[in-house]
Amino acid sequence: MHVLIVGGGLGGLGLAQSLRKQGISFEIFERDENADSRFQGWAIGLHTIINDLQKAFPSDVGDLKAATDHLQPLDLPAQIGLYFPGMEGRLGVEDTPEAPIVRAERRRLRDWLATNIPIQWGKRVQRIVDNDEEVSVYFEDGTSAKGDILVGADGIKSVVRTHLLQRPSEELLKLVPLSAVVGEVTLSGEEFKRQLALGHSAYIFASPNLGFFNFGGLHYVLPDGVSGRHYWMYMEPDPEVAKPDHWLQTASQQEKLDYVVKKVSAMPPKFQEIFKLTPASGIKKEPHVWRDLELTSLPTGRVILVGDAAHAMTPFRGEGGYHTLIDVLKLSKVVGQLDAKDIGAIKAAVAEYNTEMLARGSEAVRSSRNVQKPQKTSDGKMKLISANQEARPLPEEEIKLERVPEVAITA
Ligand SMILES: Cc1cc2nc3c(=O)[nH]c(=O)nc-3n(C[C@H](O)[C@H](O)[C@H](O)COP(=O)(O)OP(=O)(O)OC[C@H]3O[C@@H](n4cnc5c(N)ncnc54)[C@H](O)[C@@H]3O)c2cc1C
């Protein structure tokens, strides 16, 4: 069995590690020129599958938390605060020995997943040809590769999906009617402590009555131990967001910031602080239009999808990467049992994988559209779920920080 993997993101690299552990031959192709070509994102929460991942990967990748925890060097558990109308006090979820959560800094996570994986950089897929005997992939640089199975882990605008379904992304991706302004800021000392107190790793403040919600997140703690890089996403319902003349298409960074600061003035002061401390230069220039993808079926054969290529979703519930890694864990088990020559068995196994993956993925796509609405349980209670845990009251905290000495940082 020789597996061709298209895409060196979470899904592609996760699959590569699982195949390496099983001694299955693979090649992995990534369109970026190198690991620094593109910003990898801020942070991502991993939870119920941590042990499964560690077991499925070779031991030389090391410990996930030690390699990726965005709260290092602080000794604080990953924690997500949830502030919703009608819910008194601070609710949230937290990393505990019984229910571990690792909030992984995205670049560190990619580096961890890439441990000892020979990524072929600068390989942008252009064309795929497959039949019952084999599959070939052709790259923009004129080279090509042949294998028994090809896995499309090439993200939301997947060319592998376009090949499989013969339909372009523009036809398949669905607009999520929300506009967003995104900001980044570095905070130190007391300001940093106050953000950590709202939720060590992140927090969501939702207020449908005010007409918006905010996700505030820690990207990473700086090596000095008393400063952190933060990001926030201010979002409001907006069916017009994709229109070419939408104001966010041309607004300056200062105009976007002014708009948000005015809107959030109705929030309690502690939630306004992050916006007020963000400089205009910290506002993302490019407008953001969220799209997601719900597929009901996929053809079965030697070409298979994982992750966003099959079920792209909004990041509001923090589940896209999580489901991508579940796909990978499930698919790697299937591939490990296949005979490369038996196309009948391959089709049957892929059909079974697709059915489970699409049902689970689509469910997550739908619930991810609705993060701003707590769910009502059958007994009429409001329920908030994050990191697969039901939110519980979290005590108010006083965060204590200690500056890491310069010598310790350089060592
Ligand atoms: C702002 C934001 C925050 C998020 N936060 C969370 C979170 O907290 N928790 C969570 O679980 N999920 C989160 N997600 C979702 C998560 O990032 C995705 O679900 C996950 O990255 C999907 O992994 P993937 O491997 O399918 O795709 P990607 O990670 O997008 O990787 C695809 C790779 O394929 C490569 N590629 C694309 N086209 C080609 C081509 N033609 N040829 C070769 N290579 C190609 C790309 O360069 C890329 O490296 C977030 C997403 C966003 C946008």
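Per our numbering, the sequence shown starts with residue 1, numbered consecutively. Virtual Cβ for every residue (Gly too), placed ideally from N, Cα, C.
For N214, the enclosing beta strand (DSSP E) starts and ends at F212 to V221.
Under the DSSP assignment, L331 falls in the alpha helix (DSSP H) whose first and last residues are G320 to G336. Spatial neighbours of L196 in its own chain (CB-CB distance under 6 Å, excluding positions within 5 residues in sequence) are listed in chain order as I399. In the displayed model, W232 falls within a strand according to three-state DSSP. V160 has its alpha-carbon roughly 30 Å from the corresponding atom of K284. A Cβ-Cβ distance of about 7 Å is found for the pair T300 and N354, placing them in contact under the 8 Å criterion.
Around the Cβ of G92, a 10 Å sphere holds 16 or more other Cβ atoms; the residue is buried.
With a threshold of 7 Å, the Cβ atom of R369 does not count as near ligand 1, since no heavy atom of the ligand is closer than that.
Between ligand 1 and the CB of I44, the shortest heavy atom gap is smaller than 7 Å.
If you compare the alpha carbons of F84, I80 and V182 with that of L46, the shortest gap goes to I80.
Rounded to the nearest angstrom, the Cβ distance from E27 to G122 is 14 Å, too far for a contact under 8 Å.
Relative to the non-hydrogen atoms of ligand 1, the Cβ of G318 comes within a distance shorter than 7 Å of at least one.
Restricting attention to I128, D148 and G147, the CA atom closest to the CA of F139 is found in I128.
The C-beta distance from P208 to P85 rounds to 7 Å, short enough to fall under 8 Å. Secondary structure remark: continuous alpha helix (DSSP H) runs of at least 4 residues inside the region 110-171, in chain order: 159-165. Inter-residue distance for V181 and W42 is about 15 Å (C-alpha atoms, whole angstroms). DSSP places V289 in the uninterrupted beta strand (DSSP E) bounded by H288 to D292. Closest option to K146, judged by alpha-carbon separation, among E134, I156, V176 and D154: E134. F26: member of the beta strand (DSSP E) spanning S25 to F29, first to last residue. If the five residues before and after G89 are omitted, its C-beta is found closer than 7 Å to the C-beta atoms of P393, all from its own chain and listed in chain order.
The nearest non-hydrogen atom of ligand 1 is 7 Å or more from the C-beta of R291. Annotation for P315 indicates a beta carbon within 7 Å of some heavy atom of ligand 1. Here Q249 is actually not in contact with A280; their C-beta atoms are around 18 Å apart, not less than 8 Å. Taking a cut-off of 8 Å for Cβ pairs, the region 60-73 and the region 104-114 touch, as three or more such pairs fall below it. If you draw a straight line from the Cα of I346 to the Cα of I24, it is about 16 Å long. Under DSSP, the beta-bridge partners assigned to G45 are R103. Residues of the same chain with a CB within less than 6 Å of the CB of L198, apart from the 5 flanking positions on each side, are G81 in chain order. Distances taken from the Cβ of R161 to the heavy atoms of ligand 1 include none shorter than 7 Å.
By the criterion of at least three beta-carbon pairs nearer than 8 Å, the region 154-169 is not in contact with the region 326-343. By the criterion of a C-beta distance shorter than 7 Å, V61 is surrounded in its chain by Q17, W112 and T115, once the five residues flanking it on both sides are discounted. Close CB contacts of E319 within its chain, under the 7 Å cut and outside five residues either way in sequence, are with M313, A364 and S368 (chain order).
With a cut-off of 7 Å, the C-beta of L10 is classified as near ligand 1, since at least one heavy atom of the ligand falls inside that distance. Taking the Cβ of E286 as the reference point, every heavy atom of ligand 1 lies at 7 Å or farther away.
In the DSSP secondary-structure assignment, S227 is bridged to S188. About 6 Å separates the Cβ atoms of G225 and R403, confirming a contact at the 8 Å cut-off.
Apart from sequence neighbours up to five positions away, the residues of its chain that approach Y203 with a beta-carbon distance below 6 Å are G81 and G216, ordered along the chain.
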